[in-house]
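What follows is a set of notes on a single structure, which appears directly below.
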Amino acid sequence: GDSDGDSDGVGVVAGLRQSFTDSAYAAAAPVGAEAQFDLFVGGHMVRGRVDAVYAHADGAIELVDFKTGRPPAEGDPSAETQLLIYAIAAVDSFGYSAGHLTASFVYLQRDGAPAVSVSVDVSPERVDAARAWLADAVRRIDGHDAATNAGPWCARCDFAAVCPAAPPGSA
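Counting in our numbering, the sequence shown runs from 906 upward without gaps.
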């Protein structure tokens, strides 16, 4: 076995815990945790949960999704999609103003290193654009038009092994 305790996951769990404990989020009480939302788009329900919602002293509301993997590859067009859908939910389901939102992925590090935060700019215009993109995506799925967007990010995709558009060697 591994001498650092990682063979049974204890070292990894301790590292992730340390990474969170050393982050700004450990000392902040969220105003929402596992905040469930339902969005109705093109006759379909899109359901999800936001890991945590924080209200900052400056009035900003931050939507946070904690991750244990690696940050997205540079240029990955899907990297902001989840966070922008959370922003739609924050406006439509939670009643927040788009002008006061931020949305972040917080990547906890397995080795206990400081968490890495990747935020997306949220504005009323971006929420409206994301809402239009989501409606179009649902329409395309209904029409069985599930085009892929292959690129360097495929090497990090969980679905590369089964995706017909993934470049060779990305699985």
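Where a beta carbon is used, it is the ideal one built from N, C-alpha and C, also for glycine.
In this text the structure is predicted, and so the values were computed from the model without any measurement.
Do you know whose CA, among the options, lies nearest residue i's CA?
i: D1041; options: G916, H949, S1009 and P935; result: H949
i: D997; options: V951, F1064, N1054 and A1018; result: V951
i: T926; options: G1004, V1032 and A1018; result: A1018
i: G1000; options: I1046, K972 and F942; result: F942
What number of angstroms, rounded off, separates the C-alpha of residue i from the C-alpha of residue j?
i: R1036; j: Q987; result: 12 Å
i: G980; j: R1061; result: 12 Å
i: A919; j: P935; result: 22 Å
i: R922; j: P1029; result: 35 Å
i: G964; j: V1067; result: 44 Å
i: A1020; j: I966; result: 20 Å
i: A1055; j: A992; result: 26 Å
i: G916; j: D1016; result: 8 Å
What do you reckon, are the CB atoms on residue i and residue j nearer than 8 Å?
i: A957; j: A938; result: yes
i: P976; j: V1023; result: yes
i: I990; j: G947; result: no
i: C1059; j: P1072; result: yes
Which residues in the same chain have their Cβ closer than 6 Å to the Cβ of residue i, if we skip the five residues on either side of it in sequence?
i: A940; result: V955 and V958
i: V1025; result: E985, L988 and A1008
Per DSSP, which residues does residue i bridge with? Please list them.
i: Y894; result: Any property of residue 894 remains undetermined from this structure, which presents the chain solely from 906 to 1076.
i: T949; result: Here residue 949 turns out to be His, not Thr, going by the sequence shown. Looking at the DSSP assignment, H949 forms a beta bridge with V946.
i: L901; result: Outside the displayed range of the chain (906 to 1076) lies residue 901, so it cannot be described from this structure.
i: A957; result: A938 and V969
Among residues of its own chain, excluding the 5 on either side of residue i, which ones have a beta-carbon nearer than 7 Å to its beta-carbon?
i: V969; result: Y930, D956, A957, Y959, S1009 and V1011
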